[in-house]
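Number of protein chains: 2
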Amino acid sequence: MNKLYIIKIGGNVLDDEKSLKRFLTDFATIQAPKILIHGGGTIATKIGDQLGIKSSYVKGRRITDAPTLDLVTMVYGGLINKQIVAQLQKLGCNAMGLTGADGNMIKAVKRPVNEIDYGFVGDITPDSVNSTLLYFLLKQNVIPIFAPLTYADGVILNTNADTIASVLAVSLSKHFDVRLIYCFEKKGVLKDITDENSVIRLLDASSYKQFLSQGIFADGILPKLENAFAAIQSGVKEVLIGEAGDLIKNTREETEGTLIKQ
Amino acid sequence: MNKLYIIKIGGNVLDDEKSLKRFLTDFATIQAPKILIHGGGTIATKIGDQLGIKSSYVKGRRITDAPTLDLVTMVYGGLINKQIVAQLQKLGCNAMGLTGADGNMIKAVKRPVNEIDYGFVGDITPDSVNSTLLYFLLKQNVIPIFAPLTYADGVILNTNADTIASVLAVSLSKHFDVRLIYCFEKKGVLKDITDENSVIRLLDASSYKQFLSQGIFADGILPKLENAFAAIQSGVKEVLIGEAGDLIKNTREETEGTLIKQ
Numbered sequence: 001m002n003k004l005y006i007i008k009i010g011g012n013v014l015d016d017e018k019s020l021k022r023f024l025t026d027f028a029t030i031q032a033p034k035i036l037i038h039g040g041g042t043i044a045t046k047i048g049d050q051l052g053i054k055s056s057y058v059k060g061r062r063i064t065d066a067p068t069l070d071l072v073t074m075v076y077g078g079l080i081n082k083q084i085v086a087q088l089q090k091l092g093c094n095a096m097g098l099t100g101a102d103g104n105m106i107k108a109v110k111r112p113v114n115e116i117d118y119g120f121v122g123d124i125t126p127d128s129v130n131s132t133l134l135y136f137l138l139k140q141n142v143i144p145i146f147a148p149l150t151y152a153d154g155v156i157l158n159t160n161a162d163t164i165a166s167v168l169a170v171s172l173s174k175h176f177d178v179r180l181i182y183c184f185e186k187k188g189v190l191k192d193i194t195d196e197n198s199v200i201r202l203l204d205a206s207s208y209k210q211f212l213s214q215g216i217f218a219d220g221i222l223p224k225l226e227n228a229f230a231a232i233q234s235g236v237k238e239v240l241i242g243e244a245g246d247l248i249k250n251t252r253e254e255t256e257g258t259l260i261k262q
Numbered sequence: 001m002n003k004l005y006i007i008k009i010g011g012n013v014l015d016d017e018k019s020l021k022r023f024l025t026d027f028a029t030i031q032a033p034k035i036l037i038h039g040g041g042t043i044a045t046k047i048g049d050q051l052g053i054k055s056s057y058v059k060g061r062r063i064t065d066a067p068t069l070d071l072v073t074m075v076y077g078g079l080i081n082k083q084i085v086a087q088l089q090k091l092g093c094n095a096m097g098l099t100g101a102d103g104n105m106i107k108a109v110k111r112p113v114n115e116i117d118y119g120f121v122g123d124i125t126p127d128s129v130n131s132t133l134l135y136f137l138l139k140q141n142v143i144p145i146f147a148p149l150t151y152a153d154g155v156i157l158n159t160n161a162d163t164i165a166s167v168l169a170v171s172l173s174k175h176f177d178v179r180l181i182y183c184f185e186k187k188g189v190l191k192d193i194t195d196e197n198s199v200i201r202l203l204d205a206s207s208y209k210q211f212l213s214q215g216i217f218a219d220g221i222l223p224k225l226e227n228a229f230a231a232i233q234s235g236v237k238e239v240l241i242g243e244a245g246d247l248i249k250n251t252r253e254e255t256e257g258t259l260i261k262q
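Keeping their order, the protein sequence lines are chains X and P. With our numbering as the guide, the letters of the first sequence map in order to residues 1 to 262. With our numbering as the guide, the letters of the second sequence map in order to residues 1 to 262.
Here it is as C-alpha cells:
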C-alpha cells in the first residue's frame, strides 16, 4: 500500500507566523499523499474578545455556545483555513480547505447532554468519515486541509483536532499505510520530563506497558499515548509524536520524535 | 450535453433567514448538476463594525484593505459558506464549500494599481478556472458552493460574486449546457421600471439591440445585461435574471424571469 501522512498542528505553530511559514514549506515538500488538520490558536480568543464573546466553562470544561460556534466557524473554517490554503498553493501544493460538512466528509453526533451541556460539540468515530470522496481527492493529488469542525443535522459543530486526525487515520488505513503525526511543543515523548534529550525513539505495545508500570509518563502525555495506541490497534500503521520543526525528519524511517508501532 | 445550473445569490437572500432557508430548500431539489455562488450580506458589515473595521472608499469605490480582507475571509469563506453547506447537507445535497484558493479552483490576478488602489481585489477570466477538478467534483455528485474569494501569490483576494458566476459559466460551457441564473430583488428585467409586471420574458441579441435603441433599460440593469450577453457570446447557452423566490420556475423551459439566449 502507498504511504499517507496525516499531520496535526496546533496553536503553538499557528500563532507564530515564522513557525507556520516554516512548517508549511516543509509540509509542501513531502512527496506523498498527505492531509493536514489544524487546531485553533489565540487568534480566535483575540477576535472573540473584540466581539465580546467570552469563553464559557462548566466544571473547567470549555463550552461551545451559539456565539462561540459562529466565532470558531469564522476563524477556524474561514480565516486560518483559507490563509493556510492560499500559502500552500503558492508553495505548489494543491491544498483544499475542508470542514466535516464539506462533501459530507465527517458527519458527527452532537454530544448528548448528560451532566454537562457542552453545546455545539460534535463526537465522531472512524465510521463518521466519507473516506470514498477523501480517497478520490487524494488520487487527484488534492491535499485536504481540515479545520477542526464537523457537522450534524444542518449545523456546524466544534470538534477536537486530535480526534479528527485520529479518526481520519483509522478510516483511511484501509487504503494506505498511514503515519499519523502529532506535532506538539516537545521533541517527542520524554523518559525524563526534566530532560529534553530523553526522547523515547520507539514505542510498541510491550515497551509502552513496561514504561507505564514504571510510572515514567507525565500526566499531559498520557491521553496522547492512549489515543496513539487506540489508533494503532484500529489499523493505523504508525503514530509519531514530535515537534513541528522536525516534520521532515519525522516523515523518514529514522525519526527525531517518538515513533509508535504495533 | 448535460445541463448545468450556475446560480448566484446576493445579500437580499443571505440577510433574511427565511428567504435563505426557502432558497436552499428549492436549490436542493434541482435534479441536475449545479453550482452556487454567494455574495456577502450585511453580516460582514455588522461584524466589521464590532471589530472596528470600517469600509473604506476611494472615489466612491470600495477598497479591500488588509483588515477588510481578514473580515471577508472569515465571514464569506467561513461563517456564511459553512452555514450554507451544513444546511444543504441536511437537505440531502452533498455541498462542498470552496474559495478560489481551494483546489486552485480560481486563480486571480491582483488588480493592478492605476488611479485607484483597490487593495486585495482579484481580477479573473474564464482561463482562471481549474475546470478539470471542478468537472470531476460535479461528476461525483458534489455540489460546489463558492464564496466570493479568489487568490494569487499566497493570499486570498476579494472578487465580485457576479463575475465569479459568469467566469465559471463560461469555463464550464465546454462540458455542459449551462444556464447561468442571477437572483436579484426583482422578478426579471422590466420593460417599464415602474411596473413590476412588465418582465421581459425572452431576450436575444436582436431584441436586446432594439430595446437598447429605445432606451428603456434603467441604469442599474445595464451592467447585468452586458455581463449576460458577454457570457452568451463566450459559449454559455442561457442566462436567466430573476428573483430567488422563483428559482424552481426559473430552472424550467417556461421561466418567470428574463431568459437570455444567443
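All C-beta atoms, glycine included, are put in the ideal place defined by N, C-alpha and C. Predicted, not measured: the structure shown is a model, and the values here were computed from it.
Span of the beta strand (DSSP E), counted from its first residue to its last, around residue i
| i | result |
| --- | --- |
| V178 of chain P | D177 to F184 |
| T258 of chain X | T258 to K261 |
| A95 of chain P | A95 to L98 |
| L71 of chain P | Counting along the chain, L71 of chain P falls outside any beta strand (DSSP E), though it belongs to the alpha helix (DSSP H) covering A66 to M74. |
| E243 of chain P | E238 to E243 |
| R62 of chain P | R61 to I63 |
| V189 of chain P | From DSSP, V189 of chain P is part of no beta strand (DSSP E); its letter is neither H nor E. |
Run of the alpha helix (DSSP H) containing residue i, from where it starts to where it stops
| i | result |
| --- | --- |
| G11 of chain P | G11 to L14 |
| G39 of chain X | That residue, G39 of chain X, is in no alpha helix (DSSP H); it is neither H nor E in DSSP. |
| Y118 of chain X | Careful: Y118 of chain X lies outside any alpha helix (DSSP H) and carries neither H nor E. |
| S19 of chain X | E17 to T29 |
| P223 of chain X | L222 to Q233 |
Identified DSSP bridge partners for residue i
| i | result |
| --- | --- |
| I216 of chain P | None, per the DSSP bridge assignment. |
| T150 of chain P | P:L157 |
| K263 of chain P | Any property of residue 263 of chain P remains undetermined from this structure, which presents chain P solely from 1 to 262. |
| D123 of chain P | P:V109 |
| I80 of chain X | In DSSP, I80 of chain X forms no bridge with anything. |
| I164 of chain X | Bridge partners of I164 of chain X: none, in fact. |
| I143 of chain X | X:A95 |
| Y57 of chain X | X:R62 |
| Y5 of chain P | P:K34 and P:R179 |
| L203 of chain X | X:I260 |
| V129 of chain P | P:I106 |
Proximal residues to residue i (C-beta, below 6 Å), its chain only, five neighbours per side dropped
| i | result |
| --- | --- |
| I7 of chain X | L36 and I181 |
| V142 of chain X | N94 and M96 |
| T132 of chain X | none |
| K249 of chain P | E256 |
| H175 of chain P | Y135 |
| N12 of chain P | E185 |
| D26 of chain X | L247 and I248 |
Same chain only: Cβ atoms within 8 Å of residue i, ignoring 5 sequence neighbours per side
| i | result |
| --- | --- |
| T258 of chain P | G188, V189, V199, I200, R201, L202, L203, L240, I241 and G242 |
| S173 of chain X | S234, G235, V236 and K237 |
| T68 of chain X | G48, I53, S55, S56, G119, F120 and N158 |
| I193 of chain P | A218 |
| D153 of chain P | K110 |
| T45 of chain X | S55 |
| A28 of chain X | L88, L91, G92 and C93 |
| V85 of chain P | A95, M96, G97 and I145 |
Cβ neighbour criterion (16 or more within 10 Å) applied to residue i
| i | result |
| --- | --- |
| I145 of chain X | buried |
| Q140 of chain X | exposed |
| A66 of chain P | exposed |
| D162 of chain P | buried |
| N104 of chain P | buried |
| N2 of chain X | exposed |
| A32 of chain X | exposed |
| N114 of chain X | exposed |
| T64 of chain P | buried |
| G40 of chain P | buried |
Nonlocal neighbours in the same chain, by C-beta distance under 7 Å from residue i, ignoring five residues either side
| i | result |
| --- | --- |
| V155 of chain X | F120 |
| V178 of chain P | L4, I6, A169, L172, V236 and K237 |
| N227 of chain P | D162 and S166 |
| I221 of chain P | V189 |
| K224 of chain X | Y182 and I241 |
Distance between beta carbons of residue j and residue i, contact taken as under 8 Å
| i | j | result |
| --- | --- | --- |
| S55 of chain X | R62 of chain X | 6 Å |
| K209 of chain P | I232 of chain P | The pair is not a contact, with the Cβ atoms about 13 Å apart (cut-off 8 Å). |
| G100 of chain X | T150 of chain X | 3 Å |
| A244 of chain X | S19 of chain X | 6 Å |
| I43 of chain P | V72 of chain P | At roughly 11 Å, the Cβ-Cβ gap does not stay under 8 Å, so I43 of chain P and V72 of chain P are not in contact. |
| I80 of chain X | A147 of chain X | 7 Å |
Cβ-heavy atom distance, residue i to the ligand ZN, below 7 Å
| i | result |
| --- | --- |
| D127 of chain X | Questions concerning the ligand ZN fall outside what the structure shown contains, since it holds no ligand whatsoever. |
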